[in-house]
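Colleague:
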Amino acid sequence: MCGGSLKMKELKINLKAVKTKLTDFIKKETSNRGFKRVVLGVSGGVDSACVAYLAKAALGADNVLGIIMPYKTTTESDIADAKTVVKTLGIKSDYIDITDMVEAYFKKVNLSDKVRRGNKMARERMSILYDSSAEFNALVAGTSNKTEILLGYGTLYGDVACAINSIGSLYKTQVRQLSEFLGVPPNIISKPPTAGLWHGQTDEEELGFKYKDVDALLYYLVDKKFTTAQLVKKGFSKNFIDTVK
C-alpha cells in the first residue's frame with residue numbers, strides 16, 4: 061500500500077503538550093456548558109481507555125462515569141480490559157448488558173443483517189449513555205478518533221454521537237502513542253481494534269487496510285492536501301488512494 065520511502069515522523073506528537081491541551085479542553089468544554097462531569101462507554105479498547113485516562117486527569121475520578129455495555133458476542137478479554145480501566149483509574153462505573161434489550165428488537169423484526177445489527181447495538185449503547193448522563197448530570201464524552209471520523213467508520217447517533225470529543229483530532233496511531241504515555245495497559249494498546257459487533261469482527265479486516273497505512277495516507281491527503289500524483293510519488297499505490305478517497 062505504501063513504499064519504503066514513506067516516513068511517519070510527521071505523525072509523532074508532543075505527548076506532554078497534547079495531554080495538557082486535551083485535559084484543558086475537557087475542563088473548559090464541560091465548564092462552559094455548566095457541567096463538571098462526563099460519562100463514557102468503556103469497551104476495553106484503546107480509544108475509550110485513552111479518553112477515560114484523559115477525563116480522570118482533567119476532572120478527577122469522582123466526576124467520571126465509565127459504563128461497560130457488553131453484548132453476548134463481546135469477548136471475556138474485552139470485558140476484563142474494560143473492568144481493568146475503570147478499576148485502575150478509580151472512576152465511577154456501571155455494567156449494563158445490552159443483550160436482552162437488542163435481542164428483543166432483533167427477534168421482532170427478524171434482523172439478520174450483521175451491519176444493521178451492529179448499528180442497532182451502537183445506538184443502544186449511546187441511548188444508555190445519554191440517559192445515564194441525565195442521571196449523573198454529565199456530558200457524554202466521545203471516543204471516536206480522527207481516522208474513524210474521516211473514513212465515516214462509525215454509526216450515526218451511535219458511537220459517533222457525543223457532547224465533546226477529546227480525541228477527535230488524533231489519528232488512531234496517535235491515540236496509541238498518547239495512550240502509552242498516559243499509562244494505558246500495553247495489551248489494550250496493542251490488541252486488534254474491534255467494535256465487538258459480531259464474532260471475529262475487527263476494524264482493520266472490515267476496512268480492508270491497516271490503521272498505520274491509512275493514517276499515513278490521510279495525513280498527506282487531508283492535512284497536507286497532496287494530489288494523487290504526489291501521493292503516488294510518496295509511495296502509496298493508486299488503488300489504495302482511490303479506495304480511501
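In the working numbering, the protein residues as written are 61 to 305. Just so you know, even glycine gets a beta-carbon here, dropped at the ideal spot from N, CA and C. For clarity, every value in this text was computed on a predicted model and none was experimentally measured.
1) Mind checking Asn299: buried by the 16 CB within 10 Å criterion, or exposed?
2) Tell me, which residues are paired with Gly105 by DSSP?
3) Considering just the uninterrupted stretch of the alpha helix (DSSP H) at Gly178, what are its terminal residues?
4) Which ranges does the alpha helix (DSSP H) cover as unbroken runs of at least 4 residues, wholly within the segment 111–176, from first to last along the chain?
5) From the DSSP output, in three-state form, read off Leu199 for me.
6) Excluding five sequence neighbours on each side, which residues of the same chain lie with their C-beta closer than 8 Å to the C-beta of Ser204?
7) Is the beta carbon of Val162 closer than 8 Å to that of Ile127?
8) From Lys69 to Gln237, what distance separates their C-alpha atoms?
9) Here's the rule: buried if 16 or more other CB atoms are within 10 angstroms of the residue's CB, otherwise exposed. What is Thr287?
10) Grab me the residues of Val244's own chain with a C-beta within less than 7 Å of its C-beta, minus the 5 sequence neighbours each way, in chain order.
11) By Cβ distance, which residues of its chain are closer than 8 Å to Leu281, with the 5 residues on each side in sequence left out?
12) Can you tell me which of Ala77, Ala194, Phe166, Lys143 puts its alpha carbon nearest to the alpha carbon of Lys154?
13) Below 8 Å on the Cβ atoms is my contact criterion, and I expect Thr233 with Leu75 to pass it. Report the Cβ-Cβ distance as a whole number of Å.
14) Which residue marks the beginning of the alpha helix (DSSP H) containing Leu211, and which one marks its end?
15) What are the boundary residues of the alpha helix (DSSP H) that Val235 is part of?
Modeller: Let's see:
1) As a working note, residue 299 is residue 239 in the sequence shown. Exposed.
2) Position 45 of the sequence shown holds residue 105. BP columns for Gly105 are empty, so no partner.
3) The sequence position of residue 178 within the sequence shown is 118, counting from 1. Per DSSP, Gly178 belongs to the alpha helix (DSSP H) from 174–196.
4) 136–149, 159–169, all fully within the segment 111–176.
5) Within the sequence shown, residue 199 is the residue found at index 139, counting from 1. Three-state DSSP puts Leu199 in a strand.
6) As a working mapping, residue 204 is identified with position 144 in the sequence shown. Closer than 8 Å at Cβ, skipping near neighbours: Asp107, Gly214, Asp219, Val220, Cys222, Asn225, Ile227, Gly228.
7) One-based indexing of the sequence shown puts residue 127 at position 67. One-based indexing of the sequence shown puts residue 162 at position 102. No; because the gap between Cβ atoms is not below 8 Å, this pair is not in contact.
8) Stepping through the sequence shown from its first residue, residue 69 is reached at position 9. Stepping through the sequence shown from its first residue, residue 237 is reached at position 177. When rounded, the distance between both Cα atoms is 12 Å.
9) Position 227 of the sequence shown holds residue 287. With fewer than 16 other CB atoms across the displayed protein chains lying within 10 angstroms of its CB, Thr287 is exposed.
10) Reading the sequence shown from its first residue, position 184 is the one you call residue 244. Correct list, in chain order: Val106, Ala109, Cys110, Tyr113.
11) Numbered from 1 along the sequence shown, position 221 holds the residue referred to as residue 281. Excluding positions up to five away in sequence, the list reads Leu291, Ile301, Val304, Lys305.
12) Counted from its first residue, the sequence shown places residue 154 at position 94. At residue 154 the sequence reads Asp, which differs from the Lys that was named. If we check each option's Cα against that of Asp154, Lys143 comes out closest.
13) As a first step, residue 233 is located in the sequence shown; it is residue number 173 there, counting from the start. As a first step, residue 75 is located in the sequence shown; it is residue number 15 there, counting from the start. Actually they are not in contact, since the Cβ atoms of Thr233 and Leu75 sit about 13 Å apart, beyond 8 Å.
14) Position 151 of the sequence shown, counting from 1, holds the residue named residue 211. From DSSP, the alpha helix (DSSP H) with Leu211 extends over 206–211.
15) Here residue 235 refers to the residue found at position 175 of the sequence shown. From DSSP, the alpha helix (DSSP H) with Val235 extends over 232–242.
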